[in-house]
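Chemist: Sharing a structure below in structure tokens format, with a few things to ask.
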Amino acid sequence: MPPLLARAEQLARTLLMGGHGRRQSGMGDEFWQYRPAQAGDPGRAIDWRRSGRSDGHYVREKEWQAAQSVHIWVDLSASMGFASKESLPPKSDRAALLAMALSILLMKGGERVALASLGTPPRIGALQTRRIAEGLSQKAPEDYGAPDASLFLPHARAVFLSDFLGPIEAVENAVAAASDRGISGMIYQILDPAEEAFPYQGRTVFTSMSGAIQHETLRASDLKTRYQERLAERKDRLAKIAHHAGWRFATHHTDHADLSALLWLYEALEGPR
55 MPPLLARAEQ LARTLLMGGH GRRQSGMGDE FWQYRPAQAG DPGRAIDWRR SGRSDGHYVR
115 EKEWQAAQSV HIWVDLSASM GFASKESLPP KSDRAALLAM ALSILLMKGG ERVALASLGT
175 PPRIGALQTR RIAEGLSQKA PEDYGAPDAS LFLPHARAVF LSDFLGPIEA VENAVAAASD
235 RGISGMIYQI LDPAEEAFPY QGRTVFTSMS GAIQHETLRA SDLKTRYQER LAERKDRLAK
295 IAHHAGWRFA THHTDHADLS ALLWLYEALE GPR
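Here the sequence shown is numbered in my numbering, starting from 55 and rising by one per residue.
Next comes the structure, spelled out in structure tokens:
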């Protein structure tokens, strides 16, 4: 746990923290818009510099900024433990690092965060940071994980981190249930590069990470085209699930920079682009 926290803190510090604007006027620090002054506006609300450049009076409005709740689901199943090379991190390590760094960034900005597997409401503070780190250290025995959004707060944000190689119906149901309660979010797929390239040839024994499933072939290269077609279909369906719910979808590979992944997640929380 300490190495995870240290690496996540380091990664989080590389990004500048800012408020999550709600794109409407209200209390906040960021400029939103000028609007013509109306009857009832106090004199101190008038922006005299802007008004001096026109024939009317204008009020400078700030963007409303308020804390939001973010639920993060991280797939802790056996499938996420895969790494094709010793030089690459397991998918579970990358997912945990991103979830931890994102939680730190959000809480430093005043947001409340919860790890879905803990079943607790979103909170803020050092104790919550430690709870999340401890939760991310747990492992599940199943081959594949399934998200559960039943405890998510209405109108919150959600982040799903997984390889999404298991039954896709569970993902579809969770996103639909969350969307029905006004929850917006993202599906972020994490894959090892070998799971994209399928570099296997000759006699190969494929075994699931839990050991429950095994398949042997004498000509692994013959499976490549079908496998990549199935993977492309899976990505396309995940993208459609996200699109229909107004969510966002992207794929990250463990041989790519963790900072770019964190930046995408952080920016994606601002909503659909």
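Heads up, the beta-carbon is just placed ideally off N, CA and C, and yes, glycines get one too.
Candidates D290, A251 and L292: which alpha carbon is nearest L277's?
Modeler: If you number the sequence shown from 1, residue 277 lands on position 223. Out of D290, A251 and L292, A251 has the C-alpha closest to the C-alpha of L277.
Chemist: Can you name, in chain order, every residue of its own chain whose Cβ lies under 6 Å from the Cβ of L59, other than the five neighbours on each side?
Modeler: The residue labelled residue 59 in the question sits at position 5 within the sequence shown. Counting only Cβ-Cβ distances below 6 Å, and skipping sequence neighbours, we find A187.
Chemist: Using 8 Å for Cβ pairs, my map puts G239 next to H209. What's the rounded Cβ distance?
Modeler: Taking the first residue of the sequence shown as 1, we reach residue 239 at position 185. Taking the first residue of the sequence shown as 1, we reach residue 209 at position 155. Rounded, the Cβ-Cβ distance is 11 Å, inconsistent with contact.
Chemist: I believe L152 touches L319 by the beta-carbon criterion, under 8 Å. Please report the beta-carbon distance rounded to the nearest angstrom.
Modeler: For this step, residue 152 is matched to residue 98 along the sequence shown. For this step, residue 319 is matched to residue 265 along the sequence shown. That pair is a contact at about 6 Å.
Chemist: Whose C-beta lies closer than 7 Å to the C-beta of R302 among residues of the same chain, with five residues either side of it excluded?
Modeler: Translated into positions along the sequence shown, residue 302 becomes position 248. Excluding sequence neighbours, R302 sits near M240, A296, A322 and P326.
Chemist: Please determine, among A212, T305, L190 and L130, the residue with the shortest C-alpha to C-alpha distance to P176.
Modeler: As a position in the sequence shown, residue 176 is number 122, starting the count at 1. It is A212.
Chemist: Alpha carbon to alpha carbon, how far is R288 from P221?
Modeler: Indexing the sequence shown from 1 puts residue 288 at position 234. Indexing the sequence shown from 1 puts residue 221 at position 167. About 10 Å.
Chemist: Can you give the Cα-Cα distance for A228 and V259, rounded to whole angstroms?
Modeler: Counting from 1 along the sequence shown, the entry for residue 228 is found at position 174. Counting from 1 along the sequence shown, the entry for residue 259 is found at position 205. Looking at the two C-alpha atoms, the distance is approximately 33 Å.
Chemist: Please tell me whether A155 and A62 are closer than 8 Å, where the distance is taken between their beta carbons.
Modeler: Sequence index remark: in the sequence shown, residue 155 carries index 101 (1-based). Sequence index remark: in the sequence shown, residue 62 carries index 8 (1-based). Yes, the pair counts as a contact, with Cβ atoms nearer than the cut-off.
Chemist: Tell me the rounded alpha-carbon separation between Q243 and R114.
Modeler: In the sequence shown, counting from the first residue as 1, residue 243 sits at position 189. In the sequence shown, counting from the first residue as 1, residue 114 sits at position 60. Cα to Cα, Q243 sits roughly 42 Å from R114.
Chemist: Which runs of the alpha helix (DSSP H) at least 4 residues long sit entirely within the region 102-139? Give them in chain order.
Modeler: Listed in chain order, the complete alpha helix (DSSP H) runs (minimum 4 residues) inside the region 102-139 are 102-105.
Chemist: Are A93 and V128 close, meaning C-beta to C-beta below 8 Å?
Modeler: Locating residue 93 in the sequence shown gives position 39, where the first residue counts as 1. Locating residue 128 in the sequence shown gives position 74, where the first residue counts as 1. Going by C-beta atoms, A93 is not nearer than 8 Å to V128.
Chemist: Using 8 Å for Cβ pairs, my map puts E196 next to A132. What's the rounded Cβ distance?
Modeler: On the sequence shown, residue 196 is found 142 positions in, with the first residue counted as 1. On the sequence shown, residue 132 is found 78 positions in, with the first residue counted as 1. With 8 Å as the limit, E196 and A132 qualify as a contact, their Cβ atoms being about 7 Å apart.
Chemist: On the CB-based measure, 16 or more other CB atoms within 10 Å of its CB, does R284 come out buried or exposed?
Modeler: Residue numbering aside, residue 284 sits at position 230 when the sequence shown is read from its first letter. So R284 counts as exposed.
Chemist: Could you check what DSSP says for G97 in three-state terms: helix, strand or coil?
Modeler: Within the sequence shown, residue 97 is the residue found at index 43, counting from 1. The answer is helix: DSSP assigns G97 an H, G or I state.
Chemist: Within 10 angstroms of the Cβ of S157, are there 16 or more other Cβ atoms? Answer buried if so, exposed if not.
Modeler: Here the question's residue 157 lines up with position 103 in the sequence shown. With 16 or more other Cβ atoms within 10 Å, it is buried.
Chemist: What does V167 pair with, by DSSP beta-bridge criteria?
Modeler: Here residue 167 refers to the residue found at position 113 when the sequence shown is read from its first residue. Paired residues: V124 and R177.
Chemist: Tell me which residue opens and which closes the beta strand (DSSP E) that A228 is part of.
Modeler: For this step, residue 228 is matched to residue 174 along the sequence shown. Where A228 is concerned, there is no enclosing beta strand (DSSP E), although the alpha helix (DSSP H) it sits in stretches over I222 to D234.
Chemist: Quick check on I267: does DSSP put it in helix, strand or coil?
Modeler: Taking the first residue of the sequence shown as 1, we reach residue 267 at position 213. Three-state DSSP puts I267 in coil, outside helix and strand.
Chemist: Span of the beta strand (DSSP E) holding Q243?
Modeler: Taking the first residue of the sequence shown as 1, we reach residue 243 at position 189. Note, Q243: beta strand (DSSP E), S238 to L245.
Chemist: Helix, strand or coil for T68, going by three-state DSSP, please let me know.
Modeler: By one-based count along the sequence shown, residue 68 stands at place 14. If DSSP states are grouped into helix, strand and coil, T68 belongs with coil.
Chemist: Helix, strand or coil: which one does DSSP assign to T258?
Modeler: On the sequence shown, residue 258 is found 204 positions in, with the first residue counted as 1. Strand.
Chemist: Excluding the 5 residues flanking L313 on each side, which residues of the same chain have their C-beta closer than 7 Å to its C-beta?
Modeler: Counting from 1 along the sequence shown, the entry for residue 313 is found at position 259. For L313, where only same-chain residues beyond five positions count, the Cβ hits under 7 Å are L65 and T68.
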